[in-house]
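Adding 21 to a residue's 1-based position in the sequence shown gives its number in our numbering.
Single-structure report; data block below.
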Amino acid sequence: MSTTTTTTDLAAAAAAATPPPALTQSPYPAQTREASATIAGQPTCVNYVGFADRILITVTQLGRGPAQWFHVSLDNVSSTPAQPIYSSTALEDEDENDLEQSMLPVSHLTPTTLLGGGGTEREAQGQLYAVQIASAIRMRDADEARTVVIALGLQGSGRDELDRDSFFGILGLVGQVI
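Below is the structure:
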């Protein structure tokens, strides 16, 4: 008698020998939100995708794809009380000193460039956006520990891109989706 083993038989034997991996319960599909507005004459879109282990925020202008990617880990940040976050009405109602105090990032956040530095000034500007966005997320939920990935596709370069109105406008738009 000869015994012939087929691929199907081997796969069935392997499946019976090893238990299936433990499944993690998480909402599917991933939670998503989007907001868009015209900021400094540029159509701007912000997307939020909340995965079980990460939060992805994309900020794009003129339909441009992300050119810079950053990540900020929230799991090693000490707890901070939740505070109101940027919104267009909050920006108009607060006096300038209160606004500047509320814009201070949570201490100990360290943005890391993943892709697309583009020079010292542009990278510093991208990291500023990344730490402000991560701080806003952490201020909204003091227990948030997921890593935040930020993708930026902003029009312009260097200092031209970082004027006060654009900066607050983008952060206000992010505040609508987080």
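Idealized CB from N, CA, C, for every residue including glycine.
Since the model is a prediction, treat every value here as computed from it, not as a measurement.
A direct Cα-Cα distance of roughly 13 angstroms separates residue 186 from residue 65. In the pairwise beta carbon analysis, the segment 89-97 is classified as touching the segment 161-172: at least three pairs are separated by under 8 angstroms. Residue 68 and residue 78 have their C-alpha atoms roughly 6 angstroms apart. For residue 78, the enclosing beta strand (DSSP E) stretches over residues 75-82.
As computed with DSSP, residue 91 is found in a beta bridge with 134 and 171. In its chain, beyond the 5 residues on either side, 51 have a beta carbon closer than 7 angstroms to the beta carbon of residue 72.
DSSP places residue 144 in the helix class (H, G or I) of the three-state scheme. Sequence-distant Cβ neighbours of residue 82 in its own chain, meaning closer than 6 angstroms and more than five residues away, are 63, 65, 175 and 176. Each residue's CA atom was taken as its position, placing residue 161 and residue 59 some 25 angstroms apart. In this model, residue 131 and residue 152 are separated by some 7 angstroms (Cα to Cα). Closest option to residue 146, judged by alpha-carbon separation, among 74, 173, 56 and 163: 173.
Looking only at 156, 194, 188 and 195, the smallest Cα-Cα distance to residue 95 is reached by 156. Inclusion of residue 56 and residue 194 in the CB contact set at 8 angstroms is warranted, their separation being smaller than that value.
Classified as buried, residue 159 has 16 or more neighbouring CB atoms from the shown chains inside 10 Å of its CB.
By the neighbour-count criterion, in which a residue is buried when 16 or more other Cβ atoms sit within 10 angstroms of its Cβ, residue 196 is buried. DSSP lists 68 as the bridge partner or partners of residue 55. For residue 140, the number of other beta carbons within 10 angstroms of its own is below 16, and it is reported as exposed. Cβ-Cβ distances below 6 angstroms link residue 190 to 60 in the same chain, with the five nearest sequence neighbours on each side left out; the list follows chain order.
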